[in-house]
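The next block holds one structure in the form of structure tokens; read it before the comments.
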């Protein structure tokens, strides 16, 4: 998401998430995301769960382009999953036959593994959006950046049942050379955006729609949110924008890897 000042409500989310009981390891691996290795399950004799193969490194350049070609757009959804708004966003996407990339906060994924698995099962992709959504993390130490990125990766992967995030989006775009290369070494392409819908500020559905329409020439990757407050305006805007984008001749893809 765009910079909105510090940790905000995410600090409270993280604090509330402390002490969340560890989730039982899944006995099956979701395979909705192409090329994502899964983890094995422990046998009936109580053997340790085998470690998942290391993800192949990807480019450390910040991705903006779509893998769907010149007329494709990428729908990206930040800050969830949220038990109220993520299901509604999923419903709108399903109604329009659109796949999206969900940039998840680690503790949110840990708290709502059912939603993470619904996202994956529907064919959407996962993105690491850190543990605490600290938009000043580009000013913090490399050790701090590493903990924010890799802890969230583990939380999201566990919640999904073994599907790793394919991208890393820095909160507020607070990338550093170190964070980009760290994410890329773990198979997560750094992910930017071209069009900030400004939905986080809740300016009204019409304003969100107008922003996207007017800024679409900036590039294919569109930024929306499914958490961080009331997202009814986002849901309503997507109901208008997705059919409109199709009418304008756009298809839908994923960010390049």
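Numbering (the numbering used here), first residue to last: -17 to 239.
Just so you know, even glycine gets a beta-carbon here, dropped at the ideal spot from N, CA and C.
Here residue 37 has 19, 146, 168, 169, 170 as same chain residues with Cβ atoms under 8 angstroms from its own Cβ, once five neighbours each way along the sequence are excluded. Between the alpha carbons of residue 226 and residue 194 lies a distance of about 11 angstroms. Taking the Cα positions, residue 201 is about 13 angstroms away from residue 179. Between residue 83 and residue 112, the beta carbon gap of about 15 angstroms keeps them out of contact (Cβ cut-off 8 angstroms).
In terms of Cβ geometry, residue 140 and residue 106 do not form a close pair [threshold 7 angstroms].
Judged by DSSP secondary structure, residue 107 falls within the beta strand (DSSP E) whose first and last residues are 107 to 110. Boundaries of the beta strand (DSSP E) around residue 233: 233 to 235. Of the residues 163, 61, 108, the one whose Cα lies closest to the Cα of residue 117 is 61.
Taking a 10 Å sphere around the C-beta of residue 213, we find 16 or more other C-beta atoms and assign the residue as buried. Annotated three-state conformation of residue 179 is coil, per DSSP.
In the DSSP assignment, residue 78 falls within the alpha helix (DSSP H) that extends over 67 to 78.
In summary, residue 163 is exposed, with fewer than 16 beta-carbon neighbours lying within 10 Å of its beta-carbon over all protein chains present. Residue state for residue 41 is assigned as coil, using DSSP reduced to three classes.
The beta carbon of residue 56 is closer than 7 angstroms to those of 48, 83, 202, 203, 204, 235, 236, 237 in its chain, skipping five residues each way along the sequence. Only residues of its own chain outside the window of five on either side were considered, and among them 219, 222, 223 have a CB closer than 7 angstroms to the CB of residue 191, listed in chain order. Counted as a single uninterrupted DSSP element, the alpha helix (DSSP H) harbouring residue 131 occupies residues 124 to 142.
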